[in-house]
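Each remark here refers to the structure printed beneath this line.
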Amino acid sequence: MGSNAQQIRLQQMELFEKKITARRAVLAQRGIEGTAQDRDKILQHLIAEMQRSLRALRAINARNAVIEQARTQRQAKAARKAEAPKQKKKKTEAPPEKEKKDKKAKKAEKAEKTQNAQH
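In this note's numbering, the protein residues as written are 2 to 120.
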């Protein structure tokens, strides 16, 4: 009974409902009513199978909802992309580079500053 198709699970649910009502009718014919029917092992098994199918059906619906949500997000993203084509970024001018001074020139400037500061 392992099927991931929603229609198959719905058919299984209907089948189990029919079997459960038939079993309840057989038990009623034998004179077993109410809570005594709930203790019948065959009836318990049928109810458990129906619950398993119901749980699988819920999982299938949840999976389909996630897939549908992803599909709509993809379509919305594609629509936004098509709606606003990319504008090419203009190259911004690089900030002017500081003039690099060689080490000797730096030492000379530093020496001048210290001499001026002393005087």
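C-beta: ideal position from N, C-alpha, C; glycine also.
Please classify R10: is it buried, with 16 or more other beta-carbons within 10 angstroms of its beta-carbon, or exposed?
buried
Does S4 come out as helix, strand or coil in the three-state DSSP assignment?
coil
What is the DSSP secondary structure of E34, reduced to helix, strand or coil?
coil
Assuming E38 contacts L44 (C-beta within less than 8 Å), just tell me the rounded distance between them.
Note that residue 38 is Gln in the sequence shown here, rather than Glu. Their Cβ separation, rounded to whole angstroms, is 6 Å, which keeps Q38 and L44 in contact under 8 Å.
Considering only residues of the same chain and omitting the five flanking positions on each side of I33, which have a CB-CB separation below 8 Å?
D41
So Q7 and I68 are in contact, right, with Cβ under 8 Å, and what is the actual spacing, rounded?
Contact doesn't hold; Cβ gap of about 12 Å is too wide.
Applying the 10 Å Cβ sphere with the 16-neighbour rule, what's the burial state of S54?
buried
Alpha helix (DSSP H) containing R64: first to last residue?
K42 to E84
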